[in-house]
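With the UniProt record's numbering, letter number 102 in the sequence shown gets 102, and the count goes up by one each step, no holes. The next block holds one structure in the form of structure tokens; read it before the comments.
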Amino acid sequence: MIVESYQTIQLADSFCHTLSAILRRFDIPQEAERIVLNCRDPNYYRSRQGLHPVEIQFKRESNESLWSIAFIASFSYQNDRHDSLDVELYFHLANRWCYQPDAGSADLAQPAVLDLFYSWCSAFERHLAKQALQDIQLTMIP
Numbered sequence: 001m002i003v004e005s006y007q008t009i010q011l012a013d014s015f016c017h018t019l020s021a022i023l024r025r026f027d028i029p030q031e032a033e034r035i036v037l038n039c040r041d042p043n044y045y046r047s048r049q050g051l052h053p054v055e056i057q058f059k060r061e062s063n064e065s066l067w068s069i070a071f072i073a074s075f076s077y078q079n080d081r082h083d084s085l086d087v088e089l090y091f092h093l094a095n096r097w098c099y100q101p102d103a104g105s106a107d108l109a110q111p112a113v114l115d116l117f118y119s120w121c122s123a124f125e126r127h128l129a130k131q132a133l134q135d136i137q138l139t140m141i142p
């Protein structure tokens, strides 16, 4: 259901299967070409502690195509004084780059950046498997 290979970047089978299982929970219209999956821990908004919110945007060419991941973004409060969330990590698979506010942009295919991405995906998969993110929503993008 999800594309596993993005040029030189190969997603773990288990990561793709986990995301596919979540997508199957939703009634996705056949004509949908872009969807956004939001995964949240409601406690994070109250206490600013816990798992940070994640957004994954998927796209496909037709209803018979596999979903490909356009980007994955993780958000956080930058400090105790901020009332709004900001991007803390942004992995753009379609264009193969990563953004982190303190470090700026980098090529996702760089070994150190790719290691970060794979570690992040593995940790996120574990959180999903433990059902640690209680608020999971899917939105179709027109």
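Yeah, the Cβ is synthetic: ideal placement off N, Cα and C, and Gly gets one too.
Would you check if the stretch 69–82 and the stretch 32–52 touch, i.e. whether three or more CB-CB distances between them fall below 8 Å? The stretch 32–52 is in contact with the stretch 69–82.
What are the boundary residues of the alpha helix (DSSP H) that D13 is part of? Residue mapping note: residue 13 aligns to position 13 of the sequence shown, counting from 1. Where D13 is concerned, the enclosing alpha helix (DSSP H) stretches over D13 to R24.
Could you check the C-alpha separation between residue 144 and M140 for me, to the nearest Å? Only positions 1 to 142 of the chain appear in the structure, and residue 144 is not among them; the question remains open.
Simplified DSSP assignment, three categories, for S74: Along the sequence shown, read from residue 1 onward, the residue named residue 74 stands at position 74. If DSSP states are grouped into helix, strand and coil, S74 belongs with the strands.
On the three-state DSSP scale, how would you describe S62? By 1-based counting over the sequence shown, the position of residue 62 is 62. Of the three classes helix, strand and coil, the one that applies to S62 here is coil, per DSSP.
Assuming contact is defined by CB atoms lying nearer than 8 Å, are R25 and L133 in contact in what I supplied? To locate residue 25, count along the sequence shown from 1; it is residue 25. To locate residue 133, count along the sequence shown from 1; it is residue 133. Contact flag unset, no.
H52 (DSSP reduced to helix, strand or coil): For the purposes of this step, residue 52 is taken as residue 52 along the sequence shown, with counting starting at 1. In the three-state reduction of the DSSP assignment, H52 falls in the coil class.
Excluding sequence positions up to five away, which residues of its chain have a Cβ less than 6 Å from the Cβ of L11? On the sequence shown, residue 11 is found 11 positions in, with the first residue counted as 1. Here the set comprises E4.
Residue range of the beta strand (DSSP E) that includes H82: Translated into positions along the sequence shown, residue 82 becomes position 82. Where H82 is concerned, there is no enclosing beta strand (DSSP E), given that its DSSP letter is neither H nor E.
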